[in-house]
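Below: the structure, in structure tokens.
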Amino acid sequence: MTTIPVQHSPTAARRRRPRSLGAGGQHRAGPLALTVLALVSLASLFPLYWTLVAASTDGHRVISTPPPLLPGGNLFDNIGYVWNNAGARGMGVALLNSTLVAGTVALSTVAFSVLAGFAFAKLRFPGRGALLALVVATMAVPAQVSIVPLFILMKHLGLGNQLGALVLPTLVTAFGVFFMRQYLSQALPTELLEAARVDGANSLRVVWHVVVPIARPAMAVLGMLAFVQSWNDFLWPIIAMNGATNPTVQVALAGLGTGWSTDWSVITAGALVGTLPLLLVFTVFGRQIVGGITQGALKG
Amino acid sequence: MATPTRTHRTDPPGSPPTDPPARARTSRLHRWDRAASPYLFVAPFFLVFAAFGLFPLLYTGWLSLHRVSLYNVDQADWVGLQNYWDLLFGPPSHFFWNALRNTITLGVLSTVPQLLAALGLAHLLNYQLPARGFFRTALLAPYATSVAAATLVFALIFSPEGGMANWLLGLVGAGPVQWEAGPWSSQFAVSVIVIWRWTGYNALIYLAAMQAIPRELYEAAAIDGASRWQQFRHVTIPELRPTILFTVVVSSIGATQLFGEPYLFGGQSGHQGGADHQYETLGILMYDTGFHHSMLGRASAIAWTMFGLLLLVGLANTLIARRLRSAN
Numbered sequence: 214m215t216t217i218p219v220q221h222s223p224t225a226a227r228r229r230r231p232r233s234l235g236a237g238g239q240h241r242a243g244p245l246a247l248t249v250l251a252l253v254s255l256a257s258l259f260p261l262y263w264t265l266v267a268a269s270t271d272g273h274r275v276i277s278t279p280p281p282l283l284p285g286g287n288l289f290d291n292i293g294y295v296w297n298n299a300g301a302r303g304m305g306v307a308l309l310n311s312t313l314v315a316g317t318v319a320l321s322t323v324a325f326s327v328l329a330g331f332a333f334a335k336l337r338f339p340g341r342g343a344l345l346a347l348v349v350a351t352m353a354v355p356a357q358v359s360i361v362p363l364f365i366l367m368k369h370l371g372l373g374n375q376l377g378a379l380v381l382p383t384l385v386t387a388f389g390v391f392f393m394r395q396y397l398s399q400a401l402p403t404e405l406l407e408a409a410r411v412d413g414a415n416s417l418r419v420v421w422h423v424v425v426p427i428a429r430p431a432m433a434v435l436g437m438l439a440f441v442q443s444w445n446d447f448l449w450p451i452i453a454m455n456g457a458t459n460p461t462v463q464v465a466l467a468g469l470g471t472g473w474s475t476d477w478s479v480i481t482a483g484a485l486v487g488t489l490p491l492l493l494v495f496t497v498f499g500r501q502i503v504g505g506i507t508q509g510a511l512k513g
Numbered sequence: 002m003a004t005p006t007r008t009h010r011t012d013p014p015g016s017p018p019t020d021p022p023a024r025a026r027t028s029r030l031h032r033w034d035r036a037a038s039p040y041l042f043v044a045p046f047f048l049v050f051a052a053f054g055l056f057p058l059l060y061t062g063w064l065s066l067h068r069v070s071l072y073n074v075d076q077a078d079w080v081g082l083q084n085y086w087d088l089l090f091g092p093p094s095h096f097f098w099n100a101l102r103n104t105i106t107l108g109v110l111s112t113v114p115q116l117l118a119a120l121g122l123a124h125l126l127n128y129q130l131p132a133r134g135f136f137r138t139a140l141l142a143p144y145a146t147s148v149a150a151a152t153l154v155f156a157l158i159f160s161p162e163g164g165m166a167n168w169l170l171g172l173v174g175a176g177p178v179q180w181e182a183g184p185w186s187s188q189f190a191v192s193v194i195v196i197w198r199w200t201g202y203n204a205l206i207y208l209a210a211m212q213a214i215p216r217e218l219y220e221a222a223a224i225d226g227a228s229r230w231q232q233f234r235h236v237t238i239p240e241l242r243p244t245i246l247f248t249v250v251v252s253s254i255g256a257t258q259l260f261g262e263p264y265l266f267g268g269q270s271g272h273q274g275g276a277d278h279q280y281e282t283l284g285i286l287m288y289d290t291g292f293h294h295s296m297l298g299r300a301s302a303i304a305w306t307m308f309g310l311l312l313l314v315g316l317a318n319t320l321i322a323r324r325l326r327s328a329n
């Protein structure tokens, strides 16, 4: 397989000690590696901290030189302001709308993905291979290409400026189906299914009593990923909810950024309010989300 | 594939139906359930895709051959290939070629540094580390922020008046940069937002793949006298090749569709990608054409052109991957 050029350079030979044998994971990080990681982590986190700082000052102080580096005392004033004034009905309504949309999308994605994933993983039926290939192929169709007709379609369905327009197109995704299939084909023992069948359980009972309990960890991860994705979705909501009096968080934020206000402390207060819920979810479930991302990515 | 022919017991041990007609009925129900339920289970996905994926895709193609106004979506006048002709060679072609060029430069500026940095970071995260969990969470935190929140905050950082970027430049004695107005500086600023949001995500994908590399490969390499760098170069990178390809495909597809960052970075001129269209991408051009200038037919032509471009990107990736594989 992989051939490694044997170069017996003196340095390499000197470095070769039995202890350093093994994978990269065996090596201890040196001070240089730690410094680089610390700096990158700082760069990662600073904009989030800066959001908090900017959101807690006032519109003049935030763009003064030198810029403020510590939080000021206006945080709750600013949050209160966007809470009542962002968009037409305020950030509070926007948060509620986003929660409704992302929650519905997450639930339905999980439910439909478990059903389809189970069928593709464990049931034999004519056309299975072709249909699965079709699922994978649909991942190549970018959402952006379908936006104009989707807008017209929603108008005809009477869903112009309605939250339903945001939910319908993502009720279930190819990624979800594929993710569940990968998980269930490994985690679900075929013998267990056979046993349930022998006991006379019909397909729905099998799903409910055998598949769902086993799929639960994957369902949680998929639900969170779908929630994050839906919450952060931008292009379609900005078109579907353009000028809506009843926007989602992202639409309300876009309104803050491109519209009537150039008060940066108010704009960043909106950004903070729109990000905090997800950051909280992240700090609590970070490990599972990381696992889910890598699992989906490696096998995608 | 053949229909399922495996016989299964039709009399469950629990409550066996004794009279023959009832047994036959249960058995028929059972067989029907086994044959139909797989299709019922996969049906929701295909229905949703047909209605909100495939149908709009084809409808876009049809619309692209018509003149349609945003304010009267039901009246479509046939114009043939006029929209495409105008886009590529007509009066608005200047905007199209500008947007295409910007999409490519923004794509390179944001994707290449991002993936290289992610690879290096994954390698560092793969060391034995104190506070390993902290580093991972810190790197992934930007992924949790939305494009809207992130872009608004970076727009403040790059703001010409009192922005933090220019203040930092001032500290090291450099003059202020026009982050919004300059063609290259603004593209750099937009790329920074993309890089900030996605580097940690890609690093974690690489990290997971690195941890799946069999330890023996490194042991063999170490016995052969390979230095750490040589191990990275000759063991880690080749083993990671499928994962690297995956991230390249995903990132370049994402870059082709870049929309939110340039849209929000530009504030009031964001819908046209800056006052001089200096960071207008194809995604922005489509939005501006369709939803600001109400030319849905031409916007559809842009969408299909983008679709073709995405297919080309995918094809190029496949060809490169095949060549790499055969070269190995």
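Residue numbers (my numbering), protein chains in the order written: chain C, 214 to 513; chain Y, 2 to 329.
Each residue gets a CB set at the ideal place from its N, CA and C atoms; glycine is no exception.
message: Within the continuous beta strand (DSSP E) that includes GLN129(Y), where are the two ends?
response: Counting along the chain, GLN129(Y) falls outside any beta strand (DSSP E), and DSSP gives it neither H nor E.
query: Name the chain Y residues whose beta carbon is nearer than 7 Å to that of ASN445(C)?
result: SER147 and VAL148
message: Suppose you measure from the CA of TRP79(Y) to the CA of ARG500(C); what does that come to, to the nearest Å?
response: 54 Å
message: DSSP three-state label for GLN357(C), please.
response: helix
- request: Between the Cα of GLY303(C) and those of LEU469(C), LEU489(C) and ASP476(C), spot the shortest distance and give me the residue it belongs to.
  value: LEU469(C)
- prompt: Which residues in chain Y sit within 9 Å of LEU406(C), going by Cβ to Cβ distance?
  reply: The contacting residues do not exist; LEU406(C) stays about 12 Å from chain Y at best.
query: How would you list, in chain order, the residues of chain C whose beta-carbon sits under 9 Å from the beta-carbon of SER327(Y)?
result: In chain order: nothing, as chain C lies at least about 15 Å away.
- request: Tell me whether TRP477(C) is buried or exposed, calling it buried when 16 or more other Cβ atoms sit within 10 Å of its Cβ.
  value: Taking every protein chain shown into account, the CB of TRP477(C) has 16 or more other CB atoms within 10 angstroms, so this residue is buried.
message: Just to check my reading of the structure: ILE502(C) and MET437(C) have Cβ atoms closer than 8 Å, yes? What is that Cβ distance to the nearest angstrom?
response: 6 Å
query: When burial is assigned at 16 or more other CB atoms within 10 Å of the CB, is ILE238(Y) buried or exposed?
result: exposed
- request: Decide if ARG441(C) is buried, meaning its Cβ has at least 16 other Cβ atoms within 10 Å, or exposed.
  value: According to the sequence as given, residue 441(C) is Val; it is not Arg. When all chains shown are included, VAL441(C) counts as buried.
message: Quick check on this structure: which residue in PHE56(Y), LEU64(Y), ALA209(Y) and LEU259(Y) has the alpha carbon closest to the alpha carbon of THR244(Y)?
response: ALA209(Y)
- prompt: How close, in whole Å, do the beta carbons of VAL327(C) and ALA428(C) come, if the pair is a contact with beta carbons under 8 Å?
  reply: 5 Å
- prompt: Nearest chain Y C-beta to LEU376(C) closer than 8 Å, yes or no?
  reply: no
- request: Could you check if GLU281(Y) is buried or exposed, using at least 16 other CB atoms within 10 Å of its CB as the buried criterion?
  value: So GLU281(Y) ends up on the buried side.
query: Can you list the beta strand (DSSP E) stretches of 3 or more residues lying completely in the stretch 238-292 of chain Y, in chain order?
result: Within the stretch 238-292 of chain Y, no complete beta strand (DSSP E) run reaches 3 residues.
field: Of the residues GLN463(C), ILE506(C) and GLY472(C), the one placed nearest LEU485(C), counting alpha carbons only
entry: GLN463(C)
- request: Give a yes or no on whether 8 Å exceeds the smallest Cβ distance from SER233(C) to chain Y.
  value: Here SER233(C) scores only 38 on pLDDT, less than 50, and its place in the model should not be relied on; the value that follows carries that caveat. So, interface residue.
- request: In the DSSP assignment, find the unbroken alpha helix (DSSP H) run with TRP305(Y) in it and report its ends.
  value: 297-328
query: Can you find a CB in chain C that lies within less than 8 Å of the CB of PRO5(Y)?
result: Any reading at PRO5(Y) needs caution, since the residue's pLDDT is 45, under 50, leaving its predicted position unreliable; the model's value is listed next. At least one chain C Cβ lies under 8 Å of PRO5(Y).
query: Short check: CB of THR461(C) to CB of ASN310(C), under 8 Å?
result: yes
Residue of GLN212(Y), LEU157(Y), ALA304(Y) and VAL236(Y) minimising C-alpha distance to ALA222(Y): Comparing Cα-Cα distances from ALA222(Y) to each of GLN212(Y), LEU157(Y), ALA304(Y) and VAL236(Y), the minimum goes to VAL236(Y).
task: Could you pull out every residue in the same chain whose Cβ sits closer than 6 Å to the Cβ of GLN279(Y), ignoring the five residues on either side in sequence?
output: PRO184 and SER187
- request: State yes or no: is the C-beta of LEU466(C) within less than 8 Å of the C-beta of ALA149(Y)?
  value: yes
message: Checking the sheet assignment: what are the DSSP bridge partners for TRP79(Y)?
response: HIS67(Y)
- prompt: Roughly how many angstroms separate the alpha carbons of LEU313(Y) and THR306(Y), rounded to a whole number?
  reply: 11 Å
C-beta atoms of GLN115(Y) and VAL195(Y) nearer than 8 Å: Their beta carbons are under 8 Å apart, which means GLN115(Y) touches VAL195(Y) by this criterion.
task: Decide if TYR294(C) is buried, meaning its Cβ has at least 16 other Cβ atoms within 10 Å, or exposed.
output: TYR294(C) is buried by the Cβ-count criterion.
field: Check whether SER301(Y) and THR61(Y) have beta carbons under 8 Å apart
entry: Using a Cβ distance threshold of 8 Å, SER301(Y) and THR61(Y) count as a contacting pair.
- request: Check whether the Cβ of GLU281(Y) lies closer than 8 Å to any Cβ atom in chain C.
  value: no
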